[in-house]
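Trainee: Taking my numbering, the leading residue of the sequence shown gets 2, the next gets one more, and so forth.
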Amino acid sequence: MTRAAEQTSSAGCCGSCVNYFTSAKFLLYLGHALSTWGDRMWHFAVSVFLVELYGNSLLLTAVYGLVVAGSVLLLGAIIGDWVDKNSRLKVAQTSLVVQNASVILCGIILMIVFLFKTQLLTLYSGWLLTMCYILVITIANIANLASTATTITIQRDWIVVVAGEDRSKLADMNATIRRIDQLTNILAPMAVGQIMTFGSPVIGCGFISGWNLLSMCLEYLLLWKVYQKTPALALKATSKIEESELKQLNVQKDSELKPTEGVQLIGEKDVTVFEPHQEKEISCSARIAEPFITFRDGWVAYYNQPVFLAGLGLAFLYMTVLGFDCITTGYAYTQGLSGSVLSLLMGASAITGIMGTVAFTWLRRKCGLVRTGFISGIAQFACLVLCVISVFMPGSPLDLTVSPFADIRTRLLEGQSLPTALPADMSEISFTTGMHNWLNRSSSVNSDLEMSSDSVPLISVSLLFAGVIAARVGLWSFDLTVTQLLQENVIESERGIINGVQNSMNYLLDLLHFIMVILAPNPEAFGLLVLISVSFVAMGHIMYFRFAQKTLGNQVFACCGLKSKAVSNDSPPSNTSAV
2 MTRAAEQTSS
12 AGCCGSCVNY
22 FTSAKFLLYL
32 GHALSTWGDR
42 MWHFAVSVFL
52 VELYGNSLLL
62 TAVYGLVVAG
72 SVLLLGAIIG
82 DWVDKNSRLK
92 VAQTSLVVQN
102 ASVILCGIIL
112 MIVFLFKTQL
122 LTLYSGWLLT
132 MCYILVITIA
142 NIANLASTAT
152 TITIQRDWIV
162 VVAGEDRSKL
172 ADMNATIRRI
182 DQLTNILAPM
192 AVGQIMTFGS
202 PVIGCGFISG
212 WNLLSMCLEY
222 LLLWKVYQKT
232 PALALKATSK
242 IEESELKQLN
252 VQKDSELKPT
262 EGVQLIGEKD
272 VTVFEPHQEK
282 EISCSARIAE
292 PFITFRDGWV
302 AYYNQPVFLA
312 GLGLAFLYMT
322 VLGFDCITTG
332 YAYTQGLSGS
342 VLSLLMGASA
352 ITGIMGTVAF
362 TWLRRKCGLV
372 RTGFISGIAQ
382 FACLVLCVIS
392 VFMPGSPLDL
402 TVSPFADIRT
412 RLLEGQSLPT
422 ALPADMSEIS
432 FTTGMHNWLN
442 RSSSVNSDLE
452 MSSDSVPLIS
462 VSLLFAGVIA
472 ARVGLWSFDL
482 TVTQLLQENV
492 IESERGIING
502 VQNSMNYLLD
512 LLHFIMVILA
522 PNPEAFGLLV
532 LISVSFVAMG
542 HIMYFRFAQK
552 TLGNQVFACC
562 GLKSKAVSND
572 SPPSNTSAV
């Protein structure tokens, strides 16, 4: 009997493992990991390629960054509207093919340019080479727009349908997706950086093109498997009127929501099999005006959402130099930290980011979704106080009397050339956009010229990075909170366009923070940028607090551990989460 019981237990364990690894949830994770890995490699490599191509000039990289940011800002709502108006499988497959095909084509063009750059320079007075540059930036931008469409449809729509009525499952899936993002954001650039370091740019282009070709085939198969295993994906709500009543339920107070109502918000929708409707013949002028009308309607719909303040609060968090991007790392390099130390700090930031995803799932179970965002915001802001303190500590270069461009003018007048190459140990640092790379290289250039032989006290920069790294816990927990609020409260037929506008808002504030750095690029002004950044983070969390107060009333201050009747009403069963 004992042996038979052991065999039964072993068979049950194996069966559970097989069921998990063949489930739609795991296949979705696997597809996202492949997509994100290729995406991170490409974003890192294209910046370096553009610098190499233009004779170590930063012009192409800067143009690429501005084009990418401007395109998503202007076309985010239109992309989201396209996601809403087409079937899920068609959107996912089209965006996947366009994204990967664009990267492959870019890789091939870059290989040709690297191999025949000398010959291209002599043809048509160099205009053919210029056209190649324009073509690369244009196709790379198309790849980024397709990536945006993929993110909206998979992370904002498919994942909600796969999770079904279980909001705890949705929270766990969101957290797992973010953990995958954290890991690939560190490991993928390191991997392609090694290939480019020990090989050549041509080998790097070939590797990325080959990876995307293989990844596209696997992701296409995985998407089809997930679609087959989740019949609900074939159903798509087409009537905004029918869903408007459900949307109104989401703005009620938590204490007024019954557990069954929480389930109904996601699961019990009137849906129909998506069938493209026959459109009436539209005039030429109407077709021309349609994108502008979609753009306007998208932003108006975003403003009218019950979670508008929460989404706007998240966007304000992008207006900061305290993210672990190249601006902060470039500043740290001017303060005496080596590239190897910065790489370790980036690894630590990834760990705290993963801790934030764990904290999100725990807090949501204990306190509910809205309070999780409130607590996460307080935690992030409390950690960023360390960054404010660092501005006034020994070693801080804060000096607002120094002109931002005085040092550059002095060198130009003296006829000194500006170095353009990054130090070798900086090659493994992850960049997210070409604009990031441009600013990081600019900061590294300043570091080579401005660092004296005297050691710089590390108290200030140590406090700065302690605050930035610790704040990642609250940041990622808050990001997941707003993401799930958008998933649960935006009606299905508007999910694409609302999330497209949210992406546009994020890019807008991100672009503003780059403009802020361009206006004050010297290390002496970085302390002022820190204070401005913390102010924007505070404003973002104030907006979220206002949203939480409107949603929960005075119960937003209720302690999660209290067993009062009001709080217990706010804490539905484990498979639901009142908003």
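Beta carbons: idealized from backbone N, C-alpha and C, even for Gly.
Keep in mind it's a predicted model, so treat the numbers as computed, not measured.
Taking a contact to mean a Cβ-Cβ separation below 8 Å, would you say leucine 31 touches serine 505 in this structure?
Mentor: Sequence index remark: in the sequence shown, residue 31 carries index 30 (1-based). Sequence index remark: in the sequence shown, residue 505 carries index 504 (1-based). No, the pair does not count as a contact, with Cβ atoms beyond the cut-off.
Trainee: Kindly list the residues whose CB is nearer than 7 Å to the CB of glutamine 100, restricted to its own chain and excluding five residues on each side of it in sequence; keep chain order.
Mentor: Translated into positions along the sequence shown, residue 100 becomes position 99. Same-chain partners within the cutoff: Ala144, Ala147, Ser148 and Thr151.
Trainee: At a cut of 8 Å, does the stretch 327-341 reach the stretch 515-533 through at least three beta carbon pairs?
Mentor: The stretch 327-341 vs the stretch 515-533: in contact.
Trainee: Please work out which residues of its chain come closer than 7 Å, Cβ to Cβ, to alanine 25, disregarding the five sequence neighbours upstream and downstream, and give them in chain order.
Mentor: On the sequence shown, position 24 is the one that residue 25 refers to. Closer than 7 Å at the Cβ level, and outside the excluded window around alanine 25, lie Val163, Val227, Lys230 and Thr231.
Trainee: For arginine 547, count the other beta carbons within 10 Å of its own beta carbon; 16 or more makes it buried, fewer makes it exposed. Which is it?
Mentor: For the purposes of this step, residue 547 is identified with residue 546 of the sequence shown, where counting begins at 1. Answer is exposed; the Cβ neighbour count stays below 16.
Trainee: Leaving out five residues on either side along the sequence, give the residues of the same chain with a beta carbon under 8 Å from the beta carbon of glycine 396.
Mentor: Taking the sequence shown and counting its residues from 1, the one referred to as residue 396 is at position 395. Cβ within range, chain order: Gln336, Val457, Pro458, Leu459, Ile460, Ser461 and Val462.
Trainee: Measure the Cβ-Cβ separation of tyrosine 111 and methionine 217 and say whether it is below 8 Å.
Mentor: Taking the first residue of the sequence shown as 1, we reach residue 111 at position 110. Taking the first residue of the sequence shown as 1, we reach residue 217 at position 216. At residue 111 the sequence reads leucine, which differs from the tyrosine that was named. Their beta carbons are not under 8 Å apart, which means leucine 111 does not touch methionine 217 by this criterion.
Trainee: Take the Cβ of glycine 81 as the centre, count every other Cβ of all protein chains shown within 10 Å, and call the residue buried at 16 or more, exposed below.
Mentor: Stepping through the sequence shown from its first residue, residue 81 is reached at position 80. Answer is buried; the Cβ neighbour count reaches 16.
Trainee: Is the stretch 180-192 close to the stretch 351-366, with three or more CB pairs under 8 Å?
Mentor: The stretch 180-192 vs the stretch 351-366: in contact.
Trainee: In whole angstroms, give me the CA-to-CA distance for serine 534 and glycine 312.
Mentor: For the purposes of this step, residue 534 is taken as the residue at position 533 of the sequence shown. For the purposes of this step, residue 312 is taken as the residue at position 311 of the sequence shown. Cα to Cα, the separation comes out at about 18 Å.
Trainee: Can you tell which of Thr23, Thr358, Gly528 and Gly314 has the C-alpha that lies nearest to the C-alpha of phenylalanine 537?
Mentor: Position 536 of the sequence shown, counted from the first residue, corresponds to residue 537. Per the Cα distances, Gly314.
Trainee: Can the beta-carbon of alanine 29 be found closer than 8 Å to that of alanine 316?
Mentor: Numbered from 1 along the sequence shown, position 28 holds the residue referred to as residue 29. Numbered from 1 along the sequence shown, position 315 holds the residue referred to as residue 316. Residue identity check: residue 29 is leucine in the sequence provided, not alanine. The answer is no: Cβ separation not under 8 Å.
Trainee: Mapping DSSP to helix, strand and coil, what is isoleucine 187?
Mentor: Numbered from its first residue, the sequence shown carries residue 187 at position 186. If DSSP states are grouped into helix, strand and coil, isoleucine 187 belongs with the helices.
Trainee: Taking 8 Å as the threshold, find out whether the stretch 322-331 comes into contact with the stretch 487-496 through three or more Cβ pairs.
Mentor: Touching, no, given that fewer than three Cβ pairs across the two stretches are closer than 8 Å.
Trainee: Identify which residue in Gly200, Val68 and Leu465 has its Cα closest to the Cα of leucine 343.
Mentor: The residue labelled residue 343 in the question sits at position 342 within the sequence shown. Selected option, being the one with the closest Cα: Leu465.
Trainee: Just tell me which of Tyr303, Ile79, Ile470 and Leu234 has its CA closest to the CA of threonine 295.
Mentor: Numbered from 1 along the sequence shown, position 294 holds the residue referred to as residue 295. Nearest of Tyr303, Ile79, Ile470 and Leu234 to threonine 295, Cα basis: Ile79.
Trainee: For phenylalanine 199, is the classification buried or exposed, using 16 other Cβ atoms within 10 angstroms of its Cβ as the cut-off for buried?
Mentor: One-based indexing of the sequence shown puts residue 199 at position 198. It counts as exposed.
Trainee: Considering only the beta carbon of each residue, do alanine 70 and valine 193 sit closer than 8 Å?
Mentor: What you label residue 70 is simply residue 69 of the sequence shown in a count that begins at 1. What you label residue 193 is simply residue 192 of the sequence shown in a count that begins at 1. No, Cβ-Cβ distance for alanine 70 and valine 193 is not below 8 Å.
Trainee: Rounded to whole angstroms, what's the CA-CA distance from leucine 310 to valine 19? Just pull it up for me.
Mentor: Taking the sequence shown and counting its residues from 1, the one referred to as residue 310 is at position 309. Taking the sequence shown and counting its residues from 1, the one referred to as residue 19 is at position 18. One C-alpha to the other measures close to 43 Å.
Trainee: Using 10 angstroms around the beta-carbon of alanine 63, count the other beta-carbons present and answer buried if the total reaches 16, otherwise exposed.
Mentor: The count along the sequence shown starts at 1 and reaches residue 63 at position 62. The residue is buried, with at least 16 neighbouring Cβ atoms inside 10 Å.
Trainee: Nearest by alpha-carbon distance to arginine 179: which of His542, Leu129, Ser103 and Arg473 is it?
Mentor: Here residue 179 refers to the residue found at position 178 when the sequence shown is read from its first residue. Nearest option by C-alpha distance: Arg473.
Trainee: For glycine 205, is the classification buried or exposed, using 16 other Cβ atoms within 10 angstroms of its Cβ as the cut-off for buried?
Mentor: In the sequence shown, residue 205 corresponds to position 204, counting from 1. It is buried - the Cβ of glycine 205 has at least 16 other Cβ atoms within 10 Å.
Trainee: Could you tell me which of Cys388, Thr362 and Gly127 sits nearest to glycine 324, measuring between CA atoms?
Mentor: The sequence position of residue 324 within the sequence shown is 323, counting from 1. Out of Cys388, Thr362 and Gly127, Cys388 has the C-alpha closest to the C-alpha of glycine 324.
Trainee: According to DSSP, is asparagine 523 helix, strand or coil?
Mentor: Against the sequence shown, residue 523 aligns to sequence position 522. Of the three classes helix, strand and coil, the one that applies to asparagine 523 here is coil, per DSSP.
Trainee: Can you tell me whether asparagine 305 is helix, strand or coil according to DSSP?
Mentor: Residue mapping note: residue 305 aligns to position 304 of the sequence shown, counting from 1. Of the three classes helix, strand and coil, the one that applies to asparagine 305 here is coil, per DSSP.
Trainee: Under three-state DSSP, which class holds asparagine 87?
Mentor: Locating residue 87 in the sequence shown gives position 86, counting from the first residue. The answer is coil: DSSP assigns asparagine 87 none of H, G, I, E or B.
Trainee: Nearest by alpha-carbon distance to alanine 588: which of Gly165, Ala141, Arg288 and Ala383 is it?
Mentor: Outside the displayed range of the chain (2 to 580) lies residue 588, so it cannot be described from this structure.
Trainee: If you measure between the beta carbons of leucine 364 and threonine 373, is that distance less than 8 Å?
Mentor: For the purposes of this step, residue 364 is taken as the residue at position 363 of the sequence shown. For the purposes of this step, residue 373 is taken as the residue at position 372 of the sequence shown. In this structure, threonine 373 lies closer than 8 Å to leucine 364 by Cβ.
Trainee: Should leucine 215 go down as buried or exposed, given a rule of 16 or more other Cβ atoms within 10 Å for buried?
Mentor: For this step, residue 215 is matched to residue 214 along the sequence shown. Its Cβ having fewer than 16 others within 10 Å, leucine 215 is exposed.
Trainee: As a quick exercise: from Ile140, Met191 and Trp212, pick the residue whose alpha carbon is nearest that of serine 36.
Mentor: Reading the sequence shown from its first residue, position 35 is the one you call residue 36. Serine 36 has its Cα closest to that of Trp212, out of Ile140, Met191 and Trp212.
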